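Novice: Under numbering that gives the first Met the number 0, the first residue of the sequence shown is numbered 0, with each subsequent residue one higher.
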Amino acid sequence: MKALIYVQHLLGSGQAVRMAGLAAALSEAGVETVLATGSRLPPFARDGTYEVVELPFARARNALASAVVDDRGTVIDDRWRSRRRARLLHLFEDIRPDLLVIEGWPFGQRHFDFELNDLVAAARQREAPPLVVCALADAVPFAGDGSVEAGIIERIRNGIDLVLVNGDPRFLPFKASFDAAGEIEDGLLYTGYVHLGEDAPSTAGPDGAGEILVSCGSGAVGDLLLTTALKARPLSGARDLRWRLLIGNDMDDLMLSRLASEAPPGVVVERARRDFPNLLKRARLSVSQAGYNTVADLLASGCPGVLVPFARGGETEQTLRAAALARAGAAIAVEEFNLSPSRLAAAVDTALTLERHDLGVKLDGLRESVRQLLARAPGEGWSAA
């Protein structure tokens, strides 16, 4: 059996990490798997168990994702789109997969309609079509009106066989971010959260113990939170605790150097670490955005947190996650547009009164995703009819 997984992130790296985990799990289950991406994968995501095919690189020009640029920072044009679409379609024809998994689309990734519409059409036109799956996080990235949701529903009915929601409805129901969820419920399955922390390396020495961990995942957006945290520390009752600032792998070295030079004694500044899930198990408190992987790590560790969800450019999914954790008494949420050193310090002080938690959220989404895909794949119990 063959699988082709498509993933493209523009800002954070959570989507790529999640799909890399799925690629490795499918490969381990005996599926010949190819991961196609125009994003830079974190180094740990290339584990050698599956093939990575690099499409022409793309990223957001800024935090608002107002435009997509190539590896030289030039806004992509029709010539670039044509070249990339041809590369992707050629890859699909070359592999002839039994499973086609597309991360996020058509709920997100609308900048890439130019290639994904044609990819799905090519899949549908095959005499023996693959199972076409949308693998989605726990929430859609943006709140849409009725017409936008109607367009998404039409695309799903015309080309998507299955929507796998990598979440737990008891914690965050999909309808909270997509009003029309009921219209596709026959083809929608919850898998639980994809938590990859079990594979994280162990933490040696005292790192993390009793600390305030400030992180922004592995993405490039998080400079505001990191700089504000550095200024908030002397205003907080936790000023005597060690604070550890973890800088995203996609953030430039100048940011790392600047924060390190400004850090007083008692503050550690370093790159994001693979053992982050284990650091959380030792930490007194986490201060972070509300990206998918970070929230999954918080749910698994039980570490209380202060969440400053990324909300620029109309994004809503992190806000929904942060609100769900706050409702459960597991975190304090602070709106990004209201963020200041004093507000963050006050949130830290309040969050330090929260107890560690076990919310009973399902975290075996990777295993369940593989089970559902193999049960429905052509020749394995699934029929295109």
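Glycine is no exception: its CB is placed at the ideal position from the N, C-alpha and C atoms.
From a predicted model like this one, the values you see are computed outputs, not experimental measurements.
In terms of residue numbering, what span does the beta strand (DSSP E) encompassing residue 5 cover?
Specialist: Position 6 of the sequence shown holds residue 5. It spans 1-6 - the beta strand (DSSP E) in which residue 5 sits, taken as one unbroken run.
Novice: If distances are taken between C-alpha atoms only, which option among 357, 210 and 223 comes closest to residue 285?
Specialist: Here residue 285 is taken as the residue at index 286 of the sequence shown, counted from 1. Out of 357, 210 and 223, 210 has the C-alpha closest to the C-alpha of residue 285.
Novice: What are the boundary residues of the beta strand (DSSP E) that residue 374 is part of?
Specialist: Stepping through the sequence shown from its first residue, residue 374 is reached at position 375. Boundaries around residue 374 are those of the alpha helix (DSSP H), 364-375, since no beta strand (DSSP E) includes it.
Novice: Who are the Cβ neighbours of residue 152 in its own chain at under 7 Å, not counting the five residues just before and after it?
Specialist: As a working note, residue 152 is residue 153 in the sequence shown. Excluding positions up to five away in sequence, the list reads 179, 182 and 183.
Novice: Residues in its own chain within less than 6 Å of residue 292 by CB, not counting five upstream and five downstream?
Specialist: For the purposes of this step, residue 292 is identified with residue 293 of the sequence shown, where counting begins at 1. If we look at residue 292 and ignore the five residues flanking it on each side, its Cβ neighbours are 13 and 16.
Novice: Hey, which unbroken runs of the alpha helix (DSSP H) at 4 residues or more fall wholly within the region 142-221?
Specialist: 145-158
Novice: Does residue 330 come out as helix, strand or coil in the three-state DSSP assignment?
Specialist: Position 331 of the sequence shown, counting from 1, holds the residue named residue 330. If DSSP states are grouped into helix, strand and coil, residue 330 belongs with the strands.
Novice: Tell me where the alpha helix (DSSP H) around residue 25 begins and ends.
Specialist: Reading the sequence shown from its first residue, position 26 is the one you call residue 25. Element bounds for residue 25: 13-27.
Novice: Using three-state DSSP, classify residue 304 as helix, strand or coil.
Specialist: Stepping through the sequence shown from its first residue, residue 304 is reached at position 305. Note: residue 304 maps to strand in three-state DSSP.
Novice: In whole angstroms, give me the CA-to-CA distance for residue 214 and residue 56.
Specialist: Residue mapping note: residue 214 aligns to position 215 of the sequence shown, counting from 1. Residue mapping note: residue 56 aligns to position 57 of the sequence shown, counting from 1. C-alpha separation (whole angstroms): 26 Å.
Novice: Which residues does DSSP list as the beta-bridge partners of residue 246?
Specialist: To locate residue 246, count along the sequence shown from 1; it is residue 247. For residue 246, which the question treats as bridged, DSSP gives the partners 270.
Novice: So what's residue 32 in DSSP terms, helix, strand or just coil?
Specialist: Within the sequence shown, residue 32 is the residue found at index 33, counting from 1. In this structure, residue 32 counts as strand in the three-state DSSP scheme.
Novice: Evaluate residue 331 with the Cβ neighbour count: other Cβ atoms within 10 Å of its Cβ, from every protein chain shown; 16 or more gives buried, anything less gives exposed.
Specialist: In the sequence shown, residue 331 corresponds to position 332, counting from 1. It is buried - the Cβ of residue 331 has at least 16 other Cβ atoms within 10 Å.
Novice: Less than 9 Å between the beta carbons of residue 305 and residue 343, yes or no?
Specialist: On the sequence shown, position 306 is the one that residue 305 refers to. On the sequence shown, position 344 is the one that residue 343 refers to. Yes.
Novice: Using a 10 Å radius around the Cβ and a threshold of 16 neighbouring Cβ atoms, would you call residue 384 buried or exposed?
Specialist: Indexing the sequence shown from 1 puts residue 384 at position 385. Confidence in residue 384 is poor, its pLDDT being 32 and thus under 50, which makes the residue's placement too unreliable to answer from.
Novice: Which same chain residues, not among the five before or five after residue 364, have their C-beta less than 8 Å away from its C-beta?
Specialist: The residue labelled residue 364 in the question sits at position 365 within the sequence shown. So the qualifying residues of the chain are 165, 166, 190, 191, 192, 193 and 194.
Novice: Report yes or no: is there a C-beta of chain D within less than 9 Å of the C-beta of residue 341?
Specialist: No chain D is part of this structure, which consists of one protein chain only.
Novice: If contact is defined by three or more beta carbon pairs under 8 Å, each pair taking one atom from either stretch, is the region 84-94 in contact with the region 114-123?
Specialist: Contact holds: three or more Cβ-Cβ distances are below 8 Å.
Novice: Give every residue of the same chain whose Cβ lies closer than 8 Å to the Cβ of residue 1, excluding the five residues on either side of it in the sequence, and list them in chain order.
Specialist: Indexing the sequence shown from 1 puts residue 1 at position 2. So the list reads 30, 31, 32, 33, 94, 95, 96, 97 and 98, once near-sequence residues are dropped.
Novice: From the DSSP output, in three-state form, read off residue 114 for me.
Specialist: As a working note, residue 114 is residue 115 in the sequence shown. Three-state result, residue 114: helix.
Novice: Considering only the alpha carbon of each residue, which of 244, 282, 72 and 248 lies closest to residue 205?
Specialist: Along the sequence shown, read from residue 1 onward, the residue named residue 205 stands at position 206. Selected option, being the one with the closest Cα: 282.
Novice: Can you give me the C-alpha to C-alpha distance between residue 380 and residue 27, rounded to a whole angstrom?
Specialist: Working through the sequence shown from its first residue, we reach residue 380 at position 381. Working through the sequence shown from its first residue, we reach residue 27 at position 28. With a pLDDT of only 46 at residue 380, under 50, the local geometry of the prediction cannot be trusted, and the value read off the model is given with reservation. Each residue's alpha carbon lies about 20 Å from the other.
Novice: So residue 276 and residue 249 are supposed to be a Cβ contact under 8 Å. How far apart are they, rounded?
Specialist: Within the sequence shown, residue 276 is the residue found at index 277, counting from 1. Within the sequence shown, residue 249 is the residue found at index 250, counting from 1. About 19 Å; that fails the 8 Å criterion.
Novice: Relative to the C-alpha of residue 311, which residue among 48, 11 and 102 is closest?
Specialist: In the sequence shown, the residue the question calls residue 311 occupies position 312. Cα-wise, what sits closest to residue 311 is 11.
Novice: Check this for me: beta carbons of residue 323 and residue 171, under 9 Å apart or not?
Specialist: Sequence index remark: in the sequence shown, residue 323 carries index 324 (1-based). Sequence index remark: in the sequence shown, residue 171 carries index 172 (1-based). A Cβ-Cβ contact shorter than 9 Å links residue 323 with residue 171.
Novice: Quick one: using the 10 Å Cβ neighbour count with 16 as the cut-off for buried, is residue 107 buried or exposed?
Specialist: Taking the sequence shown and counting its residues from 1, one reaches residue 107 at position 108. Buried: at least 16 other Cβ atoms inside 10 Å.
Novice: If we ignore side chains and look at the alpha-carbon of each, how far apart do residue 78 and residue 69 end up?
Specialist: The residue labelled residue 78 in the question sits at position 79 within the sequence shown. The residue labelled residue 69 in the question sits at position 70 within the sequence shown. Roughly 12 Å between the two C-alpha positions.
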